[in-house]
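Chemist: Quick note on this note's numbering: the sequence shown kicks off at 149 and runs consecutively.
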Amino acid sequence: MAQEDIKVRYSDKDLEEFRVLIEQKIEKAKSHLELLRSSYMNDGNNGTDDTSPTFKAFEEGSETMSKEANTQLAIRQEKFIRDLKNALLRIENKTYGICRVTGKLINKERLKLVPHATLSIEAKNMQK
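#1: When you compare only the Cα positions, how much space is there between Ser179 and Arg157?
#2: On the DSSP bridge assignment, give the partners of Ile246 in chain order.
#3: With C-beta atoms as the reference, is Ile246 less than 8 Å away from Leu253?
#4: Of the choices Leu184, Thr266, Ala235 and Arg230, whose alpha-carbon is the least far from that of Phe166?
#5: Pick helix, strand or coil for Tyr188, following the three-state DSSP scheme.
#6: Determine the closest residue to His264 out of Arg230, Val249, Gly251 and Asn273, with distance taken between C-alpha atoms.
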């Protein structure tokens, strides 16, 4: 294969396709984040759960663990959104889909599954 035949970046058409995919994922992730936040903040919950005379240690412990789990999920979701937004920046400067280790294009199927990926499978395997 001649040097000029090697793709060094994705086409503008491909980048636009990825941009749409990423924006959809951001919207979905933001929606999930709001659900998580409202669940661990008891957003708008004016119920009588906290005034009920049936306080049970197990239920309280379970509720605390659930809030902690939701908080951790929210933190992960925020990181995911940040990573997706960074991917949009790479699309803007036309460096999206280029492995930060090998400099080669990341497989298109991998990017469809993990649109914020910055490593090719080859580079990821080298890390192990």
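Ideal Cβ positions, reconstructed from N, Cα and C, are used throughout, including at glycine. The structure presented is a predicted model; accordingly, all values stated were derived computationally and were not measured.
Modeler: Considering the structure as presented:
#1: Distance from the CA atom of Ser179 to the CA atom of Arg157, rounded to whole angstroms, is 32 Å.
#2: Among the bridge pairs identified by DSSP, Ile246 is matched with Leu253.
#3: Closer than 8 Å, so yes.
#4: Here the closest residue by C-alpha is Ala235.
#5: Looking at Tyr188 - three-state DSSP - the assignment turns out to be helix.
#6: Closest option to His264, judged by alpha-carbon separation, among Arg230, Val249, Gly251 and Asn273: Arg230.
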